[in-house]
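Working notes, structure below.
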Amino acid sequence: MTSNINLWLNQTAIIGNVSIENLDFKLLESRVHDVDQATFGNLGLFGAEFLEQLLTDILQMGIIMPTMKGVVLKNPKLSLHDRYLKVQTYFRLDEEFAKNYDTEQNMANIHTMIAFYHTA
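One point on numbering: in UniProt numbering, the residue at position 57 of the sequence shown is 57, and numbering is uninterrupted.
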């Protein structure tokens, strides 16, 4: 199989496309009368088109990267390795989120304390 894959980052998803130039099948043995290597050549053409479309559709939807609320990726870099993708990045805390989270958390703590003392 000869193929090309183009991947890039789109905020928190990895998207891309695939092109498959050829997909070769080799017939080792056939016990079916009409099946020969030429038939497998046709299967390779069909299989390459099918696989290319399937993989491109999946990559157009994107592979979502796990993230946390309040964490912003800074200058992420994507690299393709044997059997895995690597995203290397710096990150920063979203200060607005942190401010709101802290206020909400403090209010929740106050309500919990009020409820506790009210029942005591």
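Glycine included, C-beta positions come from ideal geometry on N, C-alpha and C. The structure presented is a predicted model; accordingly, all values stated were derived computationally and were not measured.
Here's a check: name, in chain order, each residue in its chain whose Cβ is nearer than 7 Å to the Cβ of residue i, leaving out the five neighbours to either side.
{"i": "K74", "result": "T89, Y90, F91, R92"}
{"i": "S19", "result": "S3, N4, E52"}
If you draw a straight line from the alpha carbon of residue i to that of residue j, how long is it in whole angstroms?
{"i": "L27", "j": "A48", "result": "17 Å"}
{"i": "residue 175", "j": "G70", "result": "Here the chain has residues from 1 to 120 only, and residue 175 is not among them."}
{"i": "N17", "j": "V72", "result": "26 Å"}
{"i": "M21", "j": "T56", "result": "Per the sequence shown, residue 21 should be read as Glu rather than Met. If I take the Cα positions, the gap works out to 14 Å."}
{"i": "D82", "j": "M1", "result": "16 Å"}
{"i": "N6", "j": "S30", "result": "37 Å"}
Closer than 8 Å by C-beta to residue i: which residues in its own chain qualify, once you throw out the five before and the five after it? Chain order, please.
{"i": "F40", "result": "F25, K26, L27"}
Quick one: what does DSSP say residue i is sitting in, helix, strand or coil?
{"i": "G16", "result": "strand"}
{"i": "Q11", "result": "coil"}
{"i": "T89", "result": "strand"}
{"i": "L78", "result": "strand"}
{"i": "A120", "result": "Note that A120 scores 44 on pLDDT, short of 50, meaning its location in the model is unreliable; the coordinates nonetheless yield the value given after this. In this structure, A120 counts as coil in the three-state DSSP scheme."}
{"i": "L45", "result": "helix"}
Within the same chain, show all residues whose beta-carbon is closer than 6 Å to that of residue i, passing over the 5 residues directly before and after it, in chain order.
{"i": "V87", "result": "P76, L78"}
{"i": "T67", "result": "T12"}
{"i": "F97", "result": "G70"}
Who pairs with residue i in a beta bridge, going by DSSP?
{"i": "I5", "result": "V18"}
{"i": "I63", "result": "I14"}
Touch test, the segment 6–19 against the segment 49–63, Cβ-Cβ under 8 Å, three pairs minimum: yes
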